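In what follows, a single structure is set out as structure tokens and then discussed.
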DNA sequence: TTTATATTTCAATAAGTTTTGAAAGTTCAA
DNA sequence: TTGAACTTTCAAAACTTATTGAAATATAAA
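Residue numbers (the numbering used here), protein chains in the order written: chain A, 190 to 357; chain B, 190 to 357.
Shown next as structure tokens:
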């Protein structure tokens with residue numbers, strides 16, 4: 190397989206994966222493009238490579254920077270801004286986990302805490318079923334939260350390597 | 190907080206979470222509704238509770254059954270079909286992990302395996318950067334795959350409890 | 001300053017996804 | 001069989017999200 194073909198396939202696959210995760214396809218494709226680029230790319234180059242508009246490129250590069258997985262860099266002697274992606278996939282994973290936890294898990298934990306306060310007769314089966322479900326989800330969510338926090342805190346591979354030893 | 194209010198909030202929160210995960214909002218809401226229902230619900234009851242059409246209810250209930258987290262049951266003496274959700278959140282988590290792994294991780298692993306075969310001069314920095322990225326992602330993806338498989342295989346809580354002991 | 005170059009914003013538009021509802025299909029008791 | 005009760009399908013409509021591109025804004029060299 191030729192490099193150009195392989196690159197295209199990788200960008201496509203990464204975009205698809207992103208889309209399934211609720212991430213804008215273009216954002217994931219820009220990320221893929223930067224991941225495999227040996228040197229920083231300018232907005233122009235990104236637009237060209239993915240055949241997208243300036244506005245689109247700008248917006249999604251900014252979002253990638255918000256996620257902390259792409260950085261703007263200034264090349265001496267150049268007016269233009271250039272962009273590079275964090276190349277350590279472990280760090281990328283941590284950044285993504287942090288962002289998703291903040292946006293998804295944390296709000297759910299907050300709601301669940303509220304819902305525990307539901308009034309009503311414990312003997313009413315509707316009340317009983319509701320409380321039980323909420324409490325079970327809460328337990329599960331708290332465990333997930335703990336696991337994610339551990340993952341996020343880990344700056345090295347110890348988490349995974351220990352985990353793998355345990356689950357074998 | 191009244192039960193009716195709490196139920197509505199839970200259904201809304203679960204729907205929102207689903208949407209962020211790339212799951213159809215209605216599908217997640219039906220799931221929430223069934224999770225907190227003490228008894229099986231009919232299509233009619235789902236339509237009524239969520240104010241959705243018959244077709245929509247049918248389509249999303251079917252998808253929930255595909256995911257293995259909702260079951261159709263027949264009540265003796267009734268023509269109608271009724272539906273119940275798996276109440277054990279642990280099992281729900283496993284079912285979701287299994288489904289997402291199948292749909293998302295497995296195809297990526299397959300592509301990555303292909304992309305390793307890229308031709309080219311190892312001294313070319315483009316080739317070098319590409320290979321390195323692919324290999325790093327592959328390593329990370331394989332570790333994730335192993336962790337997910339362990340999670341899926343676990344039918345009891347030992348995985349989490351051991352994990353939590355390890356990461357503290 | 002002024003000018004040229006680069007970036008950001010945002011309203012309009014395009015693309016994609018979900019929902020509806022009526023028609024077709026299925027099942028079962030009579 | 002027939003027909004009532006129920007389920008499934010699917011084209012069209014509604015809704016949601018992403019993208020464009022041109023205007024506004026910012027920045028740096030001359």
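The beta carbon of each residue, even a glycine, is placed where N, CA and C say it ideally should be.
Nothing here was measured: the structure is a model prediction, and the numbers come from that model.
Check whether the Cβ of residue i lies closer than 8 angstroms to any Cβ atom in chain B.
i, result
"residue 288 (chain A)", "no"
"residue 389 (chain A)", "A question about residue 389 (chain A) goes unanswered here, because the residues of chain A that appear run from 190 up to 357."
"residue 257 (chain A)", "no"
"residue 271 (chain A)", "no"
"residue 206 (chain A)", "yes"
"residue 312 (chain A)", "no"
"residue 304 (chain A)", "yes"
Using a beta-carbon distance below 8 angstroms, is residue i in contact with chain A?
i, result
"residue 196 (chain B)", "yes"
"residue 309 (chain B)", "yes"
"residue 326 (chain B)", "yes"
"residue 300 (chain B)", "yes"
"residue 293 (chain B)", "yes"
"residue 211 (chain B)", "yes"
"residue 341 (chain B)", "no"
"residue 356 (chain B)", "Annotation note: pLDDT 43 at residue 356 (chain B) (below 50); position unreliable, no value reported."
"residue 323 (chain B)", "yes"
"residue 261 (chain B)", "no"
So which residues on chain A does residue i lean against when the C-beta distance must stay under 7 angstroms?
i, result
"residue 315 (chain B)", "192 and 227"
"residue 253 (chain B)", "What residue 253 (chain B) touches in chain A: nothing, since even the nearest Cβ is about 16 angstroms away."
Determine the extent of the beta strand (DSSP E) in which residue i is found, giving its start and end residues.
i, result
"residue 294 (chain A)", "Looking at the DSSP string, residue 294 (chain A) is not in any beta strand (DSSP E), and its letter there is neither H nor E."
List the residues of chain B whose Cβ lies closer than 8 angstroms to the Cβ of residue i, in chain order.
i, result
"residue 319 (chain A)", "192, 195, 196, 199 and 225"
Looking only at DSSP bridge pairs, what is residue i linked to?
i, result
"residue 263 (chain A)", "A:270"
"residue 231 (chain B)", "B:271"
Just to make sure I have the definition right: I need the residues of chain B whose C-beta is within less than 7 angstroms of the C-beta of residue i. Which are they?
i, result
"residue 280 (chain A)", "Within chain B, no residue comes near residue 280 (chain A); the closest Cβ sits about 10 angstroms away, beyond 7 angstroms."
"residue 202 (chain A)", "297 and 300"
Alpha helix (DSSP H) containing residue i: first to last residue?
i, result
"residue 334 (chain A)", "314-342"
"residue 250 (chain A)", "243-255"
"residue 282 (chain B)", "278-289"
"residue 194 (chain A)", "192-209"
"residue 225 (chain A)", "Premise fails: residue 225 (chain A) is in no alpha helix (DSSP H) and is neither H nor E."
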